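Trainee: Per this note's numbering: the sequence shown ends with 416, consecutive numbering throughout.
Quick reminder that beta carbons are idealized off the backbone N, C-alpha and C, glycines included.
These numbers were taken from a predicted model, which means no experiment stands behind them.
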Amino acid sequence: MRKVYFDHSATTPVDPAVVEEMMKYLTEHFGNPSSIHAFGREARKAVEKARQQVATAIGAASVGEITFTSSGTESDNMAIRGVAYANRQKGNHIITTAAEHSAVLACCKQLEREGFSITVLPLDEYGRVTAQQVADAITDKTILISVMHANNEIGTIMPIREISEVAKAKKILFHTDAVQSVGKIPVNVDELGVDLLTLSGHKIYGPKGIAAMYIRRGTFWQPITYGGGQERRRRPGTENVAGIVGLGKAIELATERMHADAERLSKYRDRMIKEVLDKIPNTILTGHPQERLPNHVSFCFRFIEGESMLLMLDMKGIAISSGSACTSGSLEPSHVLTAIGLSQEVAHGSLRLTMGKDNTEEDAAYFLEVLPPIIERLREMSPLGEGCNPCACSTCTVHDDHHHDHGEFEEEY
């Protein structure tokens, strides 16, 4: 059976060249970068090389603006909380959007409990916010604006440059979560106009457990963890040298092949969008039709449940994601899908397909061959067309009066 991996927004395989580069720092060059002997100096040299690779990839002015962390979630929390605490005397208002990953939204909710005021901007039908919305939300207490660059669930790209101009005019710090965009579309901190940016290694064929945060020089920010002097005291703790080396190599390779990959994958993306919408009735494309990631396709299919599609596609060898996950203990659809105006019933039928550098035209053709009969079969079995809204799995039943926590795509930042 053909095996097709279409879940690159969740995680990517580690590039063999990245593994090769990392291995030296798991075996031969194992020193602690803080040690002054030869073993430590070799490790420190590798960390600083990777820092330069990350800085170059995103157009940072200096390597000192790059801080290594353990994950996109940690980077998002460090960026937001660091600005919030450092600027509390100036104000307590933060603006973000309903499109954000839970790494941002949950962080903001916690800050709200601590006395900060949070504005979550609503989305249009494509999952975007406008610069005017941001401008209208600003108060004299606003200290930070955080808007993601590209959405993990529906692939929509936000107008970051336009929003940054609003922030700059009001002298408000601006953060963007670029975990999904780095390596897929151009990301340059000066062109985007951001003060803080977060990215993650395992989304760009690097290892899990390593990420980075960009903080523009001069940004008023403070650390949220304390200890030794590592990472210029921004993020103390012994560095994950092999992971850092892997991230550096991964972002260098991703930058080199980005344009070629985007050109190729966007053709597959556009073909799949066209054929699915043409051949399968009662289907909704989610996300912006043009301003979306080149590797990202997402739909909602009426009258069926997403996890059933996921399981049946998995039986055909296709790995894919859905915004409805009974196995995660949640029956609620993605907060992003409901934020763009979809009913819970429709949002339950979501499917997200995210391609990677090794996917081929044959993979796309196989998906287009396999999907229509699966949708037809599930609709034949489903009672959803008659107004019922149960989960399609055999382990649970949904009633209108039941309450469940909000579910999301299950990838980790």
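Just tell me which of A102, L176, V190 and H32 has its CA closest to the CA of K144.
Mentor: Nearest to K144 by C-alpha distance, out of A102, L176, V190 and H32, is L176.
Trainee: Taking only three categories from DSSP, how would you classify V123?
Mentor: strand
Trainee: Which value, in whole angstroms, describes the spacing of the CA atoms of T363 and I69?
Mentor: 34 Å
Trainee: Please determine, among M358, T133 and Y208, the residue with the shortest C-alpha to C-alpha distance to M161.
Mentor: Residue nearest to M161 within the set M358, T133 and Y208 is T133 (criterion: CA-CA distance).
Trainee: Is it right to say P376 is buried, meaning 16 or more other beta carbons lie within 10 angstroms of its own, or is it exposed?
Mentor: exposed
Trainee: Who are the near neighbours of L29 in its chain, counting only those whose CB is closer than 6 Å to its CB and skipping five residues on each side?
Mentor: A245
Trainee: Threshold first: 4 residues or longer. Then list the alpha helix (DSSP H) segments lying entirely within the region 14-74, N to C.
Mentor: 19-26 and 41-61
Trainee: Would you kindly check if the distance between the Cβ of D180 and the Cβ of V107 is under 8 Å?
Mentor: Yes, Cβ-Cβ distance for V107 and D180 is below 8 Å.
Trainee: How is I98 classed by DSSP in three states: helix, strand or coil?
Mentor: strand
Trainee: Which two residues bound the contiguous beta strand (DSSP E) that contains Q147?
Mentor: According to the sequence as given, residue 147 is Leu; it is not Gln. Where L147 is concerned, the enclosing beta strand (DSSP E) stretches over T145 to S149.
Trainee: So what does DSSP say about I218, is it helix, strand or coil?
Mentor: strand
Trainee: Taking only the alpha-carbon atoms, compute the straight-line gap between R116 and M26 and give it to the nearest angstrom.
Mentor: Distance between R116 and M26, taken at the CA atoms: about 44 Å.
Trainee: Hey, how far is the Cα of A82 from the Cα of L381?
Mentor: If I take the Cα positions, the gap works out to 44 Å.
Trainee: Please classify Q136: is it buried, with 16 or more other beta-carbons within 10 angstroms of its beta-carbon, or exposed?
Mentor: buried
Trainee: Since F177 is in the alpha helix (DSSP H), which residue starts that stretch and which ends it?
Mentor: Segment L176 to D180 is the beta strand (DSSP E) holding F177; no alpha helix (DSSP H) there.
Trainee: I141 by DSSP, collapsed to three states: which one?
Mentor: coil
Trainee: Which stretch, first to last residue, makes up the alpha helix (DSSP H) that contains T258?
Mentor: T258 -> alpha helix (DSSP H) spans V244 to K282.
Trainee: So, E128 versus G320, is the Cβ gap smaller than 8 Å?
Mentor: no
Trainee: Taking the C-alpha atoms as reference points, what is the distance between I146 and A109?
Mentor: Rounded to whole angstroms, I146 and A109 show a C-alpha spacing of 18 Å.
Trainee: On a CA-only basis, which of M151, G43, S337 and N298 is nearest T201? Give me that one, please.
Mentor: M151
Trainee: Let's see if you can read the secondary structure: which residues bound the alpha helix (DSSP H) around V190?
Mentor: Segment: none, V190 is in no alpha helix (DSSP H) and carries neither H nor E.
Trainee: Rounded to whole angstroms, what's the CA-CA distance from R267 to E372? Just pull it up for me.
Mentor: C-alpha separation (whole angstroms): 20 Å.
Trainee: By DSSP, does F1 sit in helix, in strand, or in coil?
Mentor: Shown here, the chain extends from 4 to 416; a query on residue 1 therefore has no answer.
Trainee: Along the chain, where does the alpha helix (DSSP H) that runs through I377 open and close?
Mentor: E364 to M384
Trainee: May I have the straight-line CA-CA distance separating I307 from E156, to the nearest angstrom?
Mentor: For I307 and E156, the distance between alpha carbons rounds to 19 Å.
Trainee: Enumerate in chain order the residues of its own chain whose CB-to-CB distance from E24 is below 6 Å, with the five nearest sequence positions on each side excluded.
Mentor: Sequence-distant partners of E24 (beyond 5 residues in either direction) whose C-beta falls short of 6 Å from its own C-beta, in its chain, are V248 and K252.
Trainee: What separation, rounded to the nearest whole angstrom, lies between the Cα atoms of M358 and A367?
Mentor: Distance between the alpha carbons of M358 and A367 is about 9 Å.
Trainee: With DSSP run on the structure shown, which of helix, strand or coil describes V169?
Mentor: helix
Trainee: Please report the straight-line C-alpha distance between T258 and S385, rounded to a whole angstrom.
Mentor: 45 Å
Trainee: Cα-Cα, which of S37, A89 and P284 is closest to G231?
Mentor: Comparing Cα-Cα distances from G231 to each of S37, A89 and P284, the minimum goes to S37.
Trainee: Which of the three DSSP states, helix, strand or coil, is assigned to S311?
Mentor: Look at S311 here: in three-state DSSP terms it is helix.
Trainee: What are the partner residues of T341, as DSSP defines its beta bridges?
Mentor: For T341, which the question treats as bridged, DSSP gives no partner whatsoever.
Trainee: Would G130 pass as a contact of V349 if the rule is Cβ separation under 8 Å?
Mentor: No, they are not a contact pair.
Trainee: Between T99, T159, A322 and V169, which has its C-alpha nearest P125's C-alpha?
Mentor: T99
Trainee: If you compare alpha carbons, which of I254, N154 and I166 is closest to A140?
Mentor: I166
Trainee: For V17 and E365, what's the separation of their Cα atoms in angstroms?
Mentor: 22 Å
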